[in-house]
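*Asks:*
Protein chains in written order, with the numbering used here: chain A, 487 to 873; chain B, 487 to 873.
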């Protein structure tokens, strides 16, 4: 096991009717800005529940945070926060709203002489404070509700970049599985794939004899395999939605990645696909991961064999056949969830691969993966294999 | 899954040489009291490491906190804290030192007109503040380093009682597996049994379709089964000690118990054995648990079958035979760890059972377990079966 520091201070309020207890989590005199996306939280009644819970409190709102939240939109919220002296942010939505709100929180008080895009350029290293935030999660997927990371897109340049800062870790996260009942199947499917790949990024590397982390990761993967398809088939099965929601949070709160190597190349290659072609985040992961696992079979051999056995029950046949079967099963799982796994499924023929590699180069993504050996040349092979 | 609130704010600093970074975790101007037990942290050099890390800081010490820390000893520290205006407590030791330090933290500023034993009588409900504390853990076992609970013994009355308060949750816990190399085998064995039973208390109840919690618990149990005996056989195997240490912390930081029923009857029956006969805490758990599982076979049936299959690989034979085999294997595991599982192994013939039941009655422990159906009569049968 590698050395690690793990800090998971976000208070989790999980279950039915937890939104009602929201007000106790926010300082009594706070000037609160509720942030959200489009109209779904209005349609499904979540925003009404939030307003009821905050009755009598000093509340304003900012809406219109888009999927893959953009700097351009978020800077309008930053202006509002500064003008109105907002001192608590409440994100109501999925990972994009939470990520966007983290950026607002960090940008509002960022060094006056810097454009806040600098936060992304420096991956959050120079953030020295942020407005406190909490969230009401409506879409289990990104884990953003209880971690320090965020991914922001710049519309005018097509850049999709991430930053990390402990200052933007949410104070609390309300997770009520019933608010996910009304989500479109595509969003549930994306969330399950996203959580699955988050887990894989921290698990399918090389062994460091970290038995607990491995078994926790396998526990999340098995749960998502079992209950992901059921979440589509039985949208109002509370237990299933609860298991998916809790898995997605634990997949990226720091716990399973503490003390083990991490990969994240699938995410980096995927971000460029979203930024250039507008694919859903999870779609890009479903495209890149199988191709990456084939490419990195040698380096990931020991963990691929463990994954094949413990997650897919593959114990017979040669080692190579078990590894191939596990990768094929992973691809088939994404397809079962309704998320296609080839560029061609999205009407992309690979002609943009040189431009994607240029973007990776621009973003300094030239030595990715747990061994920093995914060079641009390797990334090119992965993109090509994903056609 | 049941509703839950989960808050795990203790920052974990895990690995080799983490003690060296201690000073950064404590406010610069703090007046620190280091608390510890006997001489082992002096002999093994841990106390020296702590003093080196805190060079130049304002530090005093209080030693002599015993296993099963007593109110009588701890009240001396409370006087010292009050007299010297201590404002940070650093526990250096195992669960007893951490538990004792939590009591000191809560008692030092407890309502002036109350004797702090009142904290135990009211299970911590009336604690409204505490001196902040951190810890350097030397013995993986109780999980106290990252939770809100503590168990305190009153010498003059033979009472062993617990309290809980979020105010005594450690700010940080330093977990360096190398400091456990010098522990006597009995303490390692006790720690493994303690962590194993903590996990069982939150797992072997009845199913609520909480797949992640179940798999995480099973992951801890499997790790302790594999690496517990190896921790005895290979005392300086870093990976093994690291896995045991991390398992013990995660067994009782709130995570695996969030959203599931919990039992804890084994602990309550065990506490009376320690208080009356001076048995090690883990010894009492090893005595009570197998007898309790036999007694509660019907109520725990579904989870016992899951435990038999997933933890012990028992898939063949009748359901009853698998359950019996799982309970027998659990007992055999404790014995393998060198912790005997019968009262008679400790020269106890059961003649104190009436007195033990009187103590349970005095402490209000008359409806224990996840169904609150372990009455004094049931407890009597369990004690008798454990002879």
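Every residue, glycine too, gets a C-beta built ideally from N, C-alpha and C.
Can you pull the chain B neighbours of residue 729 (chain A), defined as C-beta to C-beta under 8 Å?
*Replies:* Numbered from 1 along the first chain, position 243 holds the residue referred to as residue 729 (chain A). The answer, in chain order, is 487, 695, 696, 697 and 698.
*Asks:* Tell me whether the stretch 739-752 of chain A and the stretch 815-832 of chain A touch, counting them as touching only if at least three CB pairs, one residue from each stretch, are closer than 8 Å.
*Replies:* no
*Asks:* Do the stretch 668-684 of chain A and the stretch 671-679 of chain B meet, that is, are 3 or more Cβ pairs less than 8 Å apart?
*Replies:* With the cut-off at 8 Å, the stretch 668-684 of chain A and the stretch 671-679 of chain B do not touch.
*Asks:* Distance cutoff 9 Å, beta carbons only. Does residue 504 (chain A) sit that close to anything in chain B?
*Replies:* Translated into positions along the first chain, residue 504 (chain A) becomes position 18. It does; some Cβ of chain B falls within 9 Å.
*Asks:* Between which two residues does the beta strand (DSSP E) harbouring residue 520 (chain B) extend?
*Replies:* Residue 520 (chain B) sits at position 34 when you count from the first residue of the second chain. Taken as a continuous stretch (DSSP letters only), the beta strand (DSSP E) holding residue 520 (chain B) covers 517-521.
*Asks:* Go ahead and pull the three-state DSSP assignment for residue 645 (chain B).
*Replies:* Within the second chain, the letter at position 159 stands for residue 645 (chain B). Note: residue 645 (chain B) maps to strand in three-state DSSP.
*Asks:* Given that residue 705 (chain B) touches chain A, what residues does it touch there, using C-beta distances under 7 Å?
*Replies:* By one-based count along the second chain, residue 705 (chain B) stands at place 219. Here the neighbours are 698, 701, 702 and 705.
*Asks:* Judging by CA-CA distance, which residue of A:602, A:535, A:598 and A:638 is the nearest neighbour of residue 586 (chain A)?
*Replies:* What you label residue 586 (chain A) is simply residue 100 of the first chain in a count that begins at 1. If we check each option's Cα against that of residue 586 (chain A), A:638 comes out closest.
*Asks:* Assess contact between the stretch 522-530 of chain B and the stretch 556-573 of chain B, defined as three or more Cβ pairs (one per stretch) separated by less than 8 Å. Is contact present?
*Replies:* no
*Asks:* Assuming residue 641 (chain A) and residue 619 (chain A) form a contact by the criterion Cβ under 8 Å, report the distance between their Cβ atoms to the nearest whole angstrom.
*Replies:* Position 155 of the first chain, counted from the first residue, corresponds to residue 641 (chain A). Position 133 of the first chain, counted from the first residue, corresponds to residue 619 (chain A). With 8 Å as the limit, residue 641 (chain A) and residue 619 (chain A) do not qualify as a contact, their Cβ atoms being about 23 Å apart.
*Asks:* If we define contact as Cβ-Cβ less than 9 Å, is residue 709 (chain B) a contact residue for chain A?
*Replies:* Against the second chain, residue 709 (chain B) aligns to sequence position 223. Yes, residue 709 (chain B) lies at the interface with chain A (some Cβ there is under 9 Å from its Cβ).
*Asks:* Please name the residue or residues paired with residue 497 (chain A) in a DSSP beta bridge.
*Replies:* Start at 1 with the first residue of the first chain, and residue 497 (chain A) comes out as number 11. A:658, per the DSSP bridge assignment.
*Asks:* Can you list, in chain order, the residues of its chain whose CB lies under 7 Å from that of residue 513 (chain A), leaving out five sequence neighbours each side?
*Replies:* Here residue 513 (chain A) refers to the residue found at position 27 when the first chain is read from its first residue. Excluding sequence neighbours, residue 513 (chain A) sits near 574.
*Asks:* Note down, in chain order, every chain B residue with its Cβ under 8 Å from the Cβ of residue 501 (chain A).
*Replies:* Looking up residue 501 (chain A) in the first chain gives position 15. Within chain B, the residues near residue 501 (chain A) are 487, 488, 489, 490 and 745.
*Asks:* Show which residues of chain A have a CB atom less than 8 Å away from the CB atom of residue 628 (chain B).
*Replies:* What you label residue 628 (chain B) is simply residue 142 of the second chain in a count that begins at 1. For a Cβ distance threshold of 8 Å, nothing in chain A lies close to residue 628 (chain B): the least Cβ distance comes to about 17 Å.
*Asks:* Given a limit of 9 Å on CB to CB distance, which residues of the stretch 667-688 of chain B reach chain A?
*Replies:* none
*Asks:* For a contact meaning CB atoms closer than 9 Å, what does residue 712 (chain A) contact in chain B?
*Replies:* Within the first chain, residue 712 (chain A) is the residue found at index 226, counting from 1. Those are 697, listed as they occur along chain B.
*Asks:* Got a sec? Which residues, its chain only, sit under 7 Å from residue 695 (chain B) by beta carbon, not counting five neighbours each side?
*Replies:* Here residue 695 (chain B) refers to the residue found at position 209 of the second chain. Excluding residues within five positions, the ones whose Cβ falls inside 7 Å are 487.
*Asks:* Check this for me: beta carbons of residue 733 (chain A) and residue 681 (chain A), under 9 Å apart or not?
*Replies:* As a first step, residue 733 (chain A) must be located in the first chain, where it is residue number 247. As a first step, residue 681 (chain A) must be located in the first chain, where it is residue number 195. Result yes, Cβ atoms of residue 733 (chain A) and residue 681 (chain A) sit closer than 9 Å.
*Asks:* Could you compute how far the alpha carbon of residue 739 (chain A) sits from the alpha carbon of residue 844 (chain B)?
*Replies:* Translated into positions along the first chain, residue 739 (chain A) becomes position 253. Translated into positions along the second chain, residue 844 (chain B) becomes position 358. When rounded, the distance between both Cα atoms is 46 Å.
*Asks:* Examine the Cβ distances between the stretch 711-729 of chain A and the stretch 713-726 of chain B and report whether three or more of them are shorter than 8 Å.
*Replies:* no
*Asks:* Based on the DSSP secondary-structure assignment, which residues constitute the bridge partners of residue 679 (chain B)?
*Replies:* Position 193 of the second chain, counted from the first residue, corresponds to residue 679 (chain B). According to DSSP, which records beta bridges pairwise, residue 679 (chain B) is partnered with nothing at all.
*Asks:* Note down, one range per segment and in chain order, each alpha helix (DSSP H) of at least 4 residues found wholly within the stretch 807-866 of chain A.
*Replies:* Those alpha helix (DSSP H) runs which fall completely within the stretch 807-866 of chain A and span 4+ residues are 839-848.
*Asks:* For a contact meaning CB atoms closer than 9 Å, what does residue 556 (chain A) contact in chain B?
*Replies:* Taking the first chain and counting its residues from 1, one reaches residue 556 (chain A) at position 70. By Cβ distance, chain B contributes nothing, its closest Cβ being about 33 Å from residue 556 (chain A), past 9 Å.
*Asks:* Apart from the five residues just before and just after residue 832 (chain B), which ones in its own chain have a Cβ nearer than 8 Å to its Cβ?
*Replies:* For the purposes of this step, residue 832 (chain B) is taken as residue 346 along the second chain, with counting starting at 1. So the qualifying residues of the chain are 763, 765, 769, 773 and 826.
*Asks:* Could you give the C-beta distance for residue 658 (chain A) and residue 515 (chain A), rounded to a whole number, given that I count them as a contact under 8 Å?
*Replies:* Residue 658 (chain A) sits at position 172 when you count from the first residue of the first chain. Residue 515 (chain A) sits at position 29 when you count from the first residue of the first chain. For a cut-off of 8 Å, the C-beta gap from residue 658 (chain A) to residue 515 (chain A) is around 17 Å, too long to register as a contact.
*Asks:* Please report the distance separating the alpha-carbon of residue 850 (chain A) from that of residue 652 (chain A).
*Replies:* The residue labelled residue 850 (chain A) in the question sits at position 364 within the first chain. The residue labelled residue 652 (chain A) in the question sits at position 166 within the first chain. Distance between the alpha carbons of residue 850 (chain A) and residue 652 (chain A): 23 Å.
*Asks:* Got a sec? Which residues, its chain only, sit under 7 Å from residue 644 (chain A) by beta carbon, not counting five neighbours each side?
*Replies:* On the first chain, position 158 is the one that residue 644 (chain A) refers to. If we look at residue 644 (chain A) and ignore the five residues flanking it on each side, its Cβ neighbours are 761 and 762.
*Asks:* Suppose only complete runs of 4+ residues qualify. What are the alpha helix (DSSP H) ranges in the stretch 708-735 of chain A, listed by chain order?
*Replies:* none
*Asks:* If the cut is a Cβ gap below 8 Å, which residues of chain A does residue 494 (chain B) touch?
*Replies:* For the purposes of this step, residue 494 (chain B) is identified with residue 8 of the second chain, where counting begins at 1. The contacting residues are 494 and 495.
*Asks:* Taking the alpha helix (DSSP H) that residue 594 (chain B) falls in, what are its first and last residues?
*Replies:* Indexing the second chain from 1 puts residue 594 (chain B) at position 108. Where residue 594 (chain B) is concerned, there is no enclosing alpha helix (DSSP H), given that its DSSP letter is neither H nor E.
*Asks:* Distance, Cα to Cα, residue 690 (chain A) vs residue 606 (chain A)?
*Replies:* Start at 1 with the first residue of the first chain, and residue 690 (chain A) comes out as number 204. Start at 1 with the first residue of the first chain, and residue 606 (chain A) comes out as number 120. Approximately 27 Å between the Cα atoms of the pair.
*Asks:* What is the residue span of the alpha helix (DSSP H) that residue 780 (chain B) lies within?
*Replies:* As a first step, residue 780 (chain B) is located in the second chain; it is residue number 294 there, counting from the start. Looking at the DSSP string, the run of the alpha helix (DSSP H) that includes residue 780 (chain B) is 767-781.
*Asks:* Please check if any C-beta of chain A sits within less than 9 Å of the C-beta of residue 725 (chain B).
*Replies:* Position 239 of the second chain holds residue 725 (chain B). For residue 725 (chain B), the answer is yes, since a Cβ of chain A falls inside 9 Å of its Cβ.
*Asks:* Considering only residues of the same chain and omitting the five flanking positions on each side of residue 504 (chain A), which have a CB-CB separation below 8 Å?
*Replies:* Residue mapping note: residue 504 (chain A) aligns to position 18 of the first chain, counting from 1. Cβ neighbours of residue 504 (chain A) beyond the five flanking positions: 660, 661 and 662.
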